[in-house]
Structures are given as C-alpha cells and as structure tokens.
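Residue 19 in UniProt numbering sits at position 19 of the sequence shown; the count goes up by one each step and never skips.
Have a look at the structure below before the remarks.
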Amino acid sequence: MKRKLHKQEMIDIVKGATFLGAGGGGSPKVALPIAEQIREATLVKPEDISDNSNVVVMAGVGSPVVSVSVGYRGELIPALERFEEVVGKRIDYIVPLETGAANILKPLHAGAVKGLPVVDGDGAGRAVPELQETMFYIHGIPITPLSVADSEGNSAILYPVDAYMGEKLARAVTTVFG
1 MKRKLHKQEM IDIVKGATFL GAGGGGSPKV ALPIAEQIRE ATLVKPEDIS DNSNVVVMAG
61 VGSPVVSVSV GYRGELIPAL ERFEEVVGKR IDYIVPLETG AANILKPLHA GAVKGLPVVD
121 GDGAGRAVPE LQETMFYIHG IPITPLSVAD SEGNSAILYP VDAYMGEKLA RAVTTVFG
C-alpha cells in the first residue's frame, strides 16, 4: 500500500530519525531544509515490492562537518542517474541505508524528484558508521556497483569486493569531490 508523505510528516520523520539515529546519520540542520524542498514523497511497505523489482539503497557519505557547512546539494540524484546508466535498468524503488535525520531524508528527496517510491525501512534500524554494519552486508547482498556523485556533475562507479572496501573507496571519492 502506498502512502503519500508531505511537509509535516517529513519534519516528524526528521525528529524520529534523529532520535533513532543516536547521533549518526546526519544532522537535523541538514535534514530540515531537505524536508522543506519535498512537496510529496511516496512510501511503500517492504512486502509490497515484487521479487523482480529493481531496488537501490541510498545514503549520503562523508564528513558531517562538510554536510552541515554546505548543506545537501542533491548529490543522490546524479548518483542514481549514473547507476541506472551503468546497469541499463530503471530503478523501481529506493531503500534508505540507515535511520538518521539526513540519511532518511536524502533518499526521500531523491524519490520525490525522480518519482520513485521509497521503502518504509532501512538497512540497520539506526545509524551506522560504516557500510558493513548493515543487514544488507550481513545477509550477503552485493554492494556493487556502487555509485557516488557530487552536485557538480562528477561521479564514479565503484566495484569494491566487499562493504569494507566500498566504505573506504566511497569515502576517498567523496573527499576528492569536497
């Protein structure tokens, strides 16, 4: 069942995700302006997704200090577009990587902009410091290809052997992006 989310629900999600994130997953100072940008987002239950759907996991990565100083610039959108280019398939659903103020809102923003539903769930139930601390990794779900982008048109498609290396590579690339 699809559920439409609007501004007040986005703000409520930021508050709840800030608490559940236990200090991780991005600052509410970054997330609240994102909530202001979203007119409407669609949320779906995990059980409503068919097994043959194309699903992507999304989150911001990098220094929270940089994120607070420059704000969210829509980086997940070009990352999603580049991912679709590389795999040659259109994505049907977005799943947030983790629960945290910004890393819940960034996938909702990408979903709203691209017209994609976002799954009511995430890979950890809280914020996690690294990719290998998610249920996706624990259950052997491949991390590749891993798409990283900035708001200036730069992007990279990474093929790490595991989540540990994916974390290192993604952080290195985002450091270069600034």
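Every residue gets a Cβ at the ideal spot worked out from N, C-alpha and C, and that includes glycine.
Proximal residues to residue i (C-beta, below 6 Å), its chain only, five neighbours per side dropped
i         : result
valine 86 : Pro145 and Ile157
valine 61 : Ala170 and Thr174
DSSP three-state assignment for residue i, whether helix, strand or coil
i            : result
leucine 97   : coil
arginine 82  : helix
valine 161   : coil
valine 87    : helix
arginine 171 : helix
valine 119   : strand
alanine 124  : coil
Cβ neighbour criterion (16 or more within 10 Å) applied to residue i
i                : result
tyrosine 159     : exposed
methionine 135   : exposed
alanine 22       : exposed
alanine 112      : buried
isoleucine 138   : exposed
phenylalanine 19 : exposed
lysine 7         : exposed
asparagine 52    : exposed
glycine 26       : buried
methionine 58    : buried
alanine 172      : exposed
aspartate 122    : buried
serine 155       : buried
isoleucine 141   : exposed
valine 65        : exposed
Cβ-Cβ separation, residue j to residue i (assumed contact under 8 Å), whole Å
i             : j             : result
isoleucine 49 : tyrosine 93   : 6 Å
alanine 41    : valine 118    : 6 Å
alanine 31    : leucine 105   : 4 Å
isoleucine 91 : leucine 80    : 7 Å
proline 78    : glycine 153   : 7 Å
aspartate 120 : leucine 43    : 5 Å
alanine 127   : glycine 24    : 3 Å
isoleucine 38 : methionine 10 : 6 Å
alanine 17    : alanine 101   : 5 Å
Chain-order list of residues whose beta-carbon lies under 8 Å from that of residue i (same chain, five-residue window excluded)
i           : result
alanine 124 : Leu97, Glu98, Thr99, Glu133, Thr134 and Met135
Same chain, Cβ closer than 7 Å to residue i, neighbours up to 5 away in sequence not counted
i           : result
glycine 166 : Leu131, Ile143, Leu146, Leu158 and Pro160
lysine 29   : Val68
lysine 89   : Asn54
arginine 82 : Ser147, Ala149, Ser155 and Ile157
Legend entry - beta strand (DSSP E) segments (min. 3 residues) lying fully within the region 5 to 71: If we require 3 residues or more, the beta strand (DSSP E) runs fully inside the region 5 to 71 come out as 41 to 44 and 55 to 58.
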